[in-house]
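Only one structure is covered here, and it is reproduced in the block below.
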Amino acid sequence: MTRILFPVSEAYPLMKTGGLGDVAGALPPALKALGADVRILMPAYRDSLKRAGKTRKRISFHVPEHDATVTLRETKLPGTEVRVWLLDFPPAFDRSGNPYHDEHGRPWRDNAYRFALLSRVAATVALGGAGMKWRADLVHCHDWQTALVPALLAQEPARPATVFTIHNLAYQGVFPRFTFDSLRLPESLWSPEALEYHGDMSFIKGGIAFADLVTTVSPRYATEIQTPAFGHGLDGLLRHRADRLIGILNGIDETSWDPKTDPLIRHHYDSHSFARKKGNKASLQKEMGLPQEPEIPLIGMISRLAEQKGIDLVLDALPQLRDQSWQLVILGSGEPDYEASLRRLARTSGDRVAVRIGYDESLAHQIEAGADLFLMPSRFEPCGLNQMYSLRFGTVPVVHRVGGLADTVVDTEDATITAGTATGFVFDGATPTALVSAVSRAILYYEQKKVWRKIALTGMKQSFSWRTSAEQYMHHYRTLSKGQR
Ligand code: ADP
Ligand code: GLC
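Here is the structure:
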């Protein structure tokens, strides 16, 4: 049985701020179902300890470089048999709210220290240290918060294989040189081939430069990040590692996101009872204070409010769509400027735009079930989960042709309608004009009820099961842990 350590900074339902949490909550159970012995290692945030319920103290040990005595508490990922080790060190993790920043959106000042500690503990546990009586064959790390693990393990002669997944290259964990010193990392890691990045220290380089295999969450993003336009300054290094860089598309949790059984929505439906979706539209309109008009296309959007997600494109596009018939519901939280702009938009748009600022799992499901169209005009999108949830809910996605959006949505045109493959509307170029034209096209099709139904039902039939992705990871894990690095 392959023993896999899965260090990560969030895993649903113990902690989630975005898609990484979804992935870390769903991939390990899918790997376990394929026979892997997988253990998640994540911080014992205050909210995670609450959500975990009963935990068992597994071990305490001292991490000299951090001058910290840490405890690993064992629990299971709720609803699964996957074991989780919660890294309990209250000075670093006993805080409520967001794991990465304070209530004003400012990164916690000790983030480098906190996530270097997580990475060090992961490396120690993976090597069978600290008296754990468990040793990993392979460590699968995610994003900058755990990217130091491959760099630390590369210093060890007998080490497990390492996989590093880039969920989002925009977040790199870059800190000044003195942070590097304060973390007491081996001096050999201070070089442009290692963690140094234009005189600063980059956490993510540890994963990209040292992992035996680097993956991203869609095939197209794996290609895009090797270009200057999408490489966030690391495209050179990524091209250098091209023979060790692949894209594996994320799956979705098809149990939680199933319109037939979803406990968070009012009217259950599937492709045979698609007409019942309308009931959810009426409920959503009511909930959000929009006129309950069954025939007006209702556009939904659920998003972290960050530059990546193209909120500004929506703000710029709406005036140009003024003369068409639509309603818009937006659920999001994130950068204060976007939050303020969206609140202003809701105030000034009469009764056609409703905005809810905040994080609301239940409303997210109701939007997926109630909207007719779903908007994802992301500037870049490593994978994106909401377009896949939308397809499954028969909520036709309108997306920018990038990353996972391009890999999962088939544009509607004569040929794809005839072939029965059209599932959404895909536009080129992150501009308000391109977005306006895609939404206008979608609205025109919405009026052709039969074609619309066909597009929606084709989407509902797509399969994005985690099993398919997990099988691909397992294939690579096996090759790597057999020593074929
Ligand atoms: P990213 O990870 O870049 O934010 P993804 O599309 O991969 O984008 O995943 C986002 C996840 O977070 C989805 O499960 C989505 O429903 C959820 N989400 C984002 N914002 C909110 C919000 N304000 N309320 C509830 N869920 C949200
Ligand atoms: C990141 C990306 C998103 C992806 C998610 C899970 O947050 O922005 O596209 O779906 O990670 O891999």
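Quick note on numbering: the sequence shown equals residues 692 to 1176 in the numbering used here.
The beta carbon of each residue, even a glycine, is placed where N, CA and C say it ideally should be.
Who are the Cβ neighbours of residue i in its own chain at under 8 Å, not counting the five residues just before and after it?
i       : result
Ile1002 : Ser994, Leu996, Gly1023, Tyr1029, Ser1032, Leu1033
His959  : Pro950, Lys951, Thr952, Asp953, Arg967
Gly890  : Arg868
Ala885  : Ala842, Ser879, Lys896, Gly897, Ala900, Phe901
Ser1131 : Leu1012, Gln1015
Thr1107 : Val1101, Ala1113
Ala702  : Gly712, Ala715, Gly716, Pro719, Ile731, Met733, Leu768, Val775
Ala813  : Leu696, Pro698, Leu732, Val830, Cys832, Thr837, Val840
Trp799  : Arg786, Tyr791, His792, Asp793, Arg805
Glu984  : Gln976, Gln1018
By Cβ distance below 7 Å, which residues in the same chain neighbour residue i in space, the five residues on each side in sequence not counted?
i       : result
Glu1162 : Leu725
Leu839  : Ala807, Ser810, Phe894, Gly897
Asn789  : Thr708
Val773  : Pro719, Pro720, Lys723, Val729, Ile731, Lys767
Asp785  : Arg737
Val1044 : Leu1019, Leu1036, Ala1037
Glu1072 : Val1093, Gly1094, Gly1095, Leu1096
By the 10 Å Cβ neighbour count, where 16 or more other Cβ atoms means buried, how is residue i classified, buried or exposed?
i       : result
Met692  : exposed
Ser964  : exposed
Arg930  : exposed
Thr1103 : buried
Lys968  : buried
Lys745  : exposed
Leu1004 : buried
Glu1052 : exposed
Thr1112 : exposed
Ser909  : buried
His795  : exposed
Arg682  : What the structure shows of the chain is the stretch from 692 to 1176, and residue 682 is not part of that stretch, so it cannot be assessed.
Thr856  : buried
Gly1115 : buried
Lys1000 : buried
Gln846  : exposed
Lys1152 : exposed
Ser739  : buried
DSSP state of residue i, grouped into three classes?
i       : result
Ile1146 : helix
Glu765  : strand
Ile939  : coil
Val706  : Just to set this straight, residue 706 is Met in the shown sequence, not Val. If DSSP states are grouped into helix, strand and coil, Met706 belongs with coil.
Met1067 : strand
Ala933  : helix
Asp926  : helix
Arg774  : strand
Leu818  : coil
Asp1098 : helix
Phe655  : Since the first residue shown for the chain is 692 and the last is 1176, residue 655 is missing from the structure and cannot be characterised.
Gly897  : helix
Leu695  : A quick correction: the sequence has Ile, not Leu, at residue 695. Looking at Ile695 - three-state DSSP - the assignment turns out to be strand.
Asp779  : strand
Ser1024 : strand
Ala852  : strand
With a threshold of 8 Å between beta-carbons, can residue i be considered close to chain D, or not?
i       : result
Ser1160 : This model lacks chain D altogether, as it is built from one protein chain only.
Return the bridge partner residues of residue i from the DSSP annotation.
i       : result
Met892  : Phe866, Glu887
Thr907  : Ile857, Gly938
Asp1042 : Bridge partners of Asp1042: none, in fact.
Ile1090 : The sequence given here places Val at residue 1090; Ile does not occur at that position. BP columns for Val1090 point to Met1067, Val1117.
Ala759  : Val754
To which residues of the same chain is residue i closer than 6 Å at the C-beta, ignoring the five residues directly before and after it?
i       : result
Asp779  : Ala735, Thr762, Arg764
Ile916  : Leu860, Gly922, Leu929
Met1165 : Leu725
Glu756  : Arg875
Ala817  : Leu696, Ala827, Val830, Pro851
Gly819  : Arg826
Arg973  : According to the sequence as given, residue 973 is Ala; it is not Arg. Only Gln983 meet the Cβ criterion.
Nearer than 7 Å: is that true of the beta carbon of residue i relative to any heavy atom of the ligand ZN?
i      : result
Glu794 : Summarising the ligand content, the structure contains the ligand ADP and the ligand GLC and does not contain the ligand ZN.
What are the start and end residues of each continuous alpha helix (DSSP H) run of 4 or more residues lying completely inside the stretch 941-1022, in chain order? 968-978, 1002-1008
Which ranges would you report for the alpha helix (DSSP H) in the stretch 711-757 if only whole runs of at least 4 residues count? 737-743
Which residue spans inside the stretch 1044-1088 form an unbroken alpha helix (DSSP H) run of at least 4? 1052-1061, 1077-1083
Within the stretch 796-849, ranges of the alpha helix (DSSP H) (whole runs, at least 4 residues): 802-817, 839-844
Restricting to runs no shorter than 3 residues, where is the beta strand (DSSP E) found entirely within the stretch 1115-1173? 1116-1118
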